[in-house]
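Just so you know, the protein sequences line up as chains Z and G, in that order. Everything in the first sequence is counted per our numbering, starting at 16 for the first residue and increasing by one. Everything in the second sequence is counted per our numbering, starting at 16 for the first residue and increasing by one. What follows is a short report on a single structure.
Number of protein chains: 2
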Amino acid sequence: MSSLTHAIEIYLTELLNESDAPESMLSIRRKELAKTFGCVPSQINYVLRSRFTQEQGYIVESHRGGHGYIKIERIKQDTSENRIEHLEKIVGETISWQDAHRYLSALQKRGLITARERLLIEVALRHCDELGVSLFDLSPHKRETIQAELLKRTLRSIMLA
Amino acid sequence: MSSLTHAIEIYLTELLNESDAPESMLSIRRKELAKTFGCVPSQINYVLRSRFTQEQGYIVESHRGGHGYIKIERIKQDTSENRIEHLEKIVGETISWQDAHRYLSALQKRGLITARERLLIEVALRHCDELGVSLFDLSPHKRETIQAELLKRTLRSIMLA
DNA sequence: ACCAAAAGGTCAAAAATAGTCAATTATGAA
DNA sequence: TTCATAATTGACTATTTTTGACCTTTTGGT
C-alpha cells in the first residue's frame, strides 16, 4: 500500500512533531532505523535525499565512525513559502548587478536579511561575475543568468533557515 | 551515549571557559586525563588532533619527560586584523569543499559567524563549483583555487563589517 | 657521562558508522 | 502497453573513533 520510503518519512516527521516547537530536531542511527524497518541502510539515505532536503525545510547533518549519527532539523516556517514564491517572481531568469543591489537593499531595509548577509551575497555575486568576465569571457546575458541563479539560491537558503 | 572523544572535548572546553578571558589557557597531564576518562593515553592525542587544531582556533604545546605536560591555548582573535590574518593563513591558495565546510563550522562554533551566514557562504561556494564543473569543465585544482578566493573574500568582508 | 624512570608522540590496525553509485524492480500516467 | 519516474538493493567506498605496541625526549640520580 504505502511505500517503505513513505512509511519512514511518516515515522520521522512524527518524531519531529513530538516536541511541538515549529523547529525541532532529532538524531538517529542509520543502521538501527534500517533495522526497525527491515531494509538496507542505504534506503535511509534515499529517504533523506528525497524527503528531507533543504528545499523542503530541513537540514540534515551526519557523522560516520564510532557513535555516528544522522541529525535532522526542521527549519521551515509558515510564511517562508510565500516569501520564496515572491523571490522567484521578482528575480526572474536574469538580473543586473544594479537590480540585485537594489533588491538586497530593500530586503535589508525590511529586516529580512542583515547587513552582513547582504554583504556576503554581494561579494559572492561579484566574484562569480568577475570569473565570468576574466576567465571565460561570457556574454553579459549569460552572466546575468548566473547571477540570478546564485541570488535565488542564496536567498532561498536563508529564508528557509 | 556520545563518544568518548566528544566527552573529552567538552571537558576541556569547559575548563578553558572557566577563566573567561578572551584568550585562555590550560595545562594537563596526558596520563591523568586519560585515567579520569578510563582510556588509553593516545586517545588524548586523538582528541587534540581532531578537535583542538589551529584551524579551530587553538594552539597546543607539550613537553615530555619528568614534569611533562600538555598546554592548550585559545588563539586570541579580538580584533578584525587578527581574524583576517588567521583566515589568510588557514585557507591558503586552494581549499577543498570538505575543508571549507569544516572551517566554517569551526567559525560558527566560535560565534564568529551565524548559521545563516555560514549557509550563505556554503551555497555560494557550491554554486561557483557547479559552474566550474558543468559549464567550463575546470580541473579540480582550479576549482579549489576559485573556492579559496571566494571563501576568503566573503569572510574578509564580514569580518571587517 | 650513563642509566633508569617518567613523561609524551606516532602509527597502524580494527571496529563502528555513514555515503555513493549503479543495477534492478515497481508504479503510475499517457 | 509503454515509457518515465520512483523505490529498492547491495557491493564498494570513506570517515571517525578506539586501542595498543613501539619510539623519543627530558629529568634526576650515581
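Even glycine gets a Cβ: it sits at the ideal position worked out from N, Cα and C. Just so you know, these numbers come straight off a predicted model, no measurement behind them.
What Ser57 of chain G touches in chain Z, judged by beta-carbon distance under 9 Å, is nothing: the nearest beta carbon there is about 15 Å away.
Excluding sequence positions up to five before and after Lys86 of chain Z, its CB lies within less than 6 Å of the CB of Ser42 and Glu76, all in the same chain and listed in chain order. Taking C-alpha positions only, Gly147 of chain Z is separated from Leu153 of chain Z by approximately 5 Å. Nearest C-alpha to Met40 of chain G among G:Glu96, G:Lys50, G:Phe67 and G:Arg171: G:Phe67.
Legend: CB atoms of the region 154 to 169 of chain G lying less than 8 Å from CB atoms of chain Z belong to residues Ile161, Glu164, Leu165, Arg168 and Thr169. The region 73 to 117 of chain G contains, as complete alpha helix (DSSP H) runs of 4+ residues, the segments 95 to 106 (chain order). For the region 24 to 63 of chain Z, the continuous beta strand (DSSP E) assignments of 3+ residues that do not extend past its boundaries occur at 40 to 43, in sequence order. Think of a sphere of 9 Å around the beta carbon of His116 of chain Z: no beta carbon from chain G falls inside it, the nearest being about 15 Å out. With its beta carbon at least 8 Å from every one in chain Z, Ala121 of chain G lies outside the interface. For Asp144 of chain G, the secondary structure class from DSSP, reduced to helix, strand or coil, is helix.
Interface residue (Cβ-Cβ distance to chain Z less than 8 Å): Val148 of chain G is not classified as such.
The three-state reading of DSSP puts Thr68 of chain Z in coil, since its state is none of H, G, I, E or B. Where Ile128 of chain G is concerned, there is no enclosing alpha helix (DSSP H), because DSSP gives it neither an H nor an E.
For Ala163 of chain Z, the enclosing alpha helix (DSSP H) stretches over residues Pro155 to Leu175. Secondary structure at Ser149 of chain G: helix, using DSSP grouped into helix, strand and coil.
Interface residue (Cβ-Cβ distance to chain Z less than 8 Å): Cys54 of chain G is not classified as such.
With fewer than three CB-CB distances shorter than 8 Å, the region 42 to 61 of chain G does not count as touching the region 104 to 115 of chain Z. If you ignore the 5 residues before and after Leu170 of chain G, its C-beta comes within less than 7 Å of the C-beta of Leu102, all in its own chain and listed in chain order.
In the three-state scheme derived from DSSP, where H, G and I count as helix and E and B as strand, Ser18 of chain Z is classed as coil. Burial is judged here by how many other beta carbons sit within 10 angstroms of a residue's own beta carbon; Gln92 of chain G has at least 16 and is buried.
Neighbours of Glu132 of chain Z in chain G, taken as residues whose beta carbon is under 8 Å from its own, are Arg131, Glu132 and Leu135 in chain order. Taking C-alpha positions only, Glu33 of chain G is separated from Arg125 of chain G by approximately 16 Å. Comparing alpha-carbon positions, the option among Z:Arg45, Z:Glu159 and Z:Ile59 lying closest to His142 of chain Z turns out to be Z:Glu159. Chain order gives no chain Z residues near Ala22 of chain G, where near means a beta carbon separation below 8 Å; the closest approach is about 10 Å. Spanning the alpha carbons of Leu48 of chain Z and Ser120 of chain G requires a straight line of approximately 27 Å.
Chain G has a Cβ within less than 8 Å of the Cβ of Ser172 of chain Z. In terms of CA proximity to Gln162 of chain Z, G:Val138 leads the group G:Arg168, G:Leu27 and G:Val138.
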